[in-house]
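Heads up, the thing below is written out as structure tokens.
So this is what it looks like as structure tokens:
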């Protein structure tokens, strides 16, 4: 299976702290994307990193990709209560495979 | 900003009934997708659709499921005879080009409850 697997499954931090979530996958990919899902809502695209990229930034988000280890990390800096959500990585080959997600709680 | 829309937001149906979930993809997108997410589980790919035909489907997408683009704007998922285990959130997505180096834009989902 090409499915991504995130860890930790759940993360609870204080507002202002940084949150790091990791994703591992099993086969070669074209790109890896991170999505956010608020409880009971749809998926919102956060950032895409291509297989030939190692790091990418977007606002308070920093994504790294290590294709040799088949892993990626998402760092949210200076977290806010509004960042509370589930975060999924999705890998793309011919299909889109989502991981199980990390549930992030940011405590005000 | 253009977005994918889905209707209805919630649907409750009796087991064995047919349901049609509707999606309006982003207008200049050519590839369309359906996913489902059973409560508390990961998002699972069901099917992708391009040029009026299915391009990929997962093993979940059996004969009970069908997709259609009945006109230039709508994209539908039909479940012919719903089962209890079809209860899930169903997401539609669209992209400009085939998934490979392309972002998929997701709709807000339809929550289906089969009783």
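Protein chains in written order, with the numbering used here: chain A, 6 to 113; chain B, 917 to 1031.
Idealized CB from N, CA, C, for every residue including glycine.
Remember, it's a predicted structure, so these values are computed and weren't measured experimentally.
Quick one: using the 10 Å Cβ neighbour count with 16 as the cut-off for buried, is residue i buried or exposed?
i	result
residue 105 of chain A	buried
residue 6 of chain A	Note that residue 6 of chain A scores a pLDDT of 44, beneath 50, so its modelled location is shaky; the value from the coordinates is reported in the next line. Exposed, since its Cβ has fewer than 16 Cβ neighbours within 10 Å.
residue 1013 of chain B	exposed
residue 15 of chain A	exposed
residue 1002 of chain B	buried
residue 970 of chain B	exposed
residue 68 of chain A	buried
residue 952 of chain B	buried
residue 989 of chain B	exposed
residue 1000 of chain B	exposed
Taking the DSSP output, what are the residues bridged to residue i?
i	result
residue 996 of chain B	DSSP lists no partner for residue 996 of chain B.
residue 27 of chain A	A/12, A/78
residue 71 of chain A	A/76
residue 1009 of chain B	B/949, B/1022
residue 61 of chain A	A/68
residue 105 of chain A	Paired residue(s): none; residue 105 of chain A is not in a bridge.
residue 1029 of chain B	B/928
Which chain A residues are close to residue i, counting only those with a beta carbon under 8 Å from its beta carbon?
i	result
residue 1021 of chain B	50
Starting from the beta carbon of residue i, find every residue of chain A whose beta carbon is closer than 7 Å, and list them in chain order.
i	result
residue 1024 of chain B	46, 47
What residues from chain A crowd round residue i, counting only those whose CB sits closer than 9 Å?
i	result
residue 948 of chain B	Residues of chain A passing the Cβ test: none, with the nearest at roughly 12 Å.
residue 1007 of chain B	47, 48
Please list the partners that residue i has in chain B, where partner means a Cβ-to-Cβ separation under 9 Å.
i	result
residue 107 of chain A	Those do not exist, as residue 107 of chain A stays about 12 Å from chain B at its closest Cβ, beyond 9 Å.
Against residue i, what residues of chain B qualify as contacts under a CB-to-CB distance less than 8 Å, listed in chain order?
i	result
residue 104 of chain A	958
Q.
Contact between the region 66 to 76 of chain A and the region 929 to 936 of chain B is defined here as three or more beta-carbon pairs at a separation below 8 Å; is this criterion met?
A. The way I'd put it, the region 66 to 76 of chain A doesn't touch the region 929 to 936 of chain B; fewer than three beta-carbon pairs between them come closer than 8 Å.
Q. Is the number of C-beta pairs between the region 31 to 44 of chain A and the region 77 to 90 of chain A that are closer than 8 Å three or more?
A. Pairwise C-beta distances place the region 31 to 44 of chain A in contact with the region 77 to 90 of chain A, as three or more of them are shorter than 8 Å.
Q: For the region 20 to 44 of chain A, enumerate the residues whose C-beta is nearer than 7 Å to any C-beta of chain B, in chain order.
A: Result list: 35, 36, 38.
Q) For the region 52 to 61 of chain A against the region 917 to 926 of chain B, are there 3 or more C-beta pairs whose distance is under 8 Å? A) Contact between the region 52 to 61 of chain A and the region 917 to 926 of chain B is absent: fewer than 3 CB-CB pairs across the two stretches fall below 8 Å.
Q. Between the region 956 to 978 of chain B and chain A, which residues of the former have CB atoms less than 8 Å from a CB of the latter, in chain order?
A. Within the region 956 to 978 of chain B, the qualifying residues are 957, 958, 959, 960, 961, 964, 972, 974.
Q.
Across the region 938 to 949 of chain B and the region 958 to 965 of chain B, are there enough close Cβ pairs to call them in contact, namely three or more that are closer than 8 Å?
A. Yes, the region 938 to 949 of chain B touches the region 958 to 965 of chain B.
Q) At a cut of 8 Å, does the region 1003 to 1012 of chain B reach the region 974 to 982 of chain B through at least three beta carbon pairs? A) Flag = no, the region 1003 to 1012 of chain B and the region 974 to 982 of chain B do not touch.
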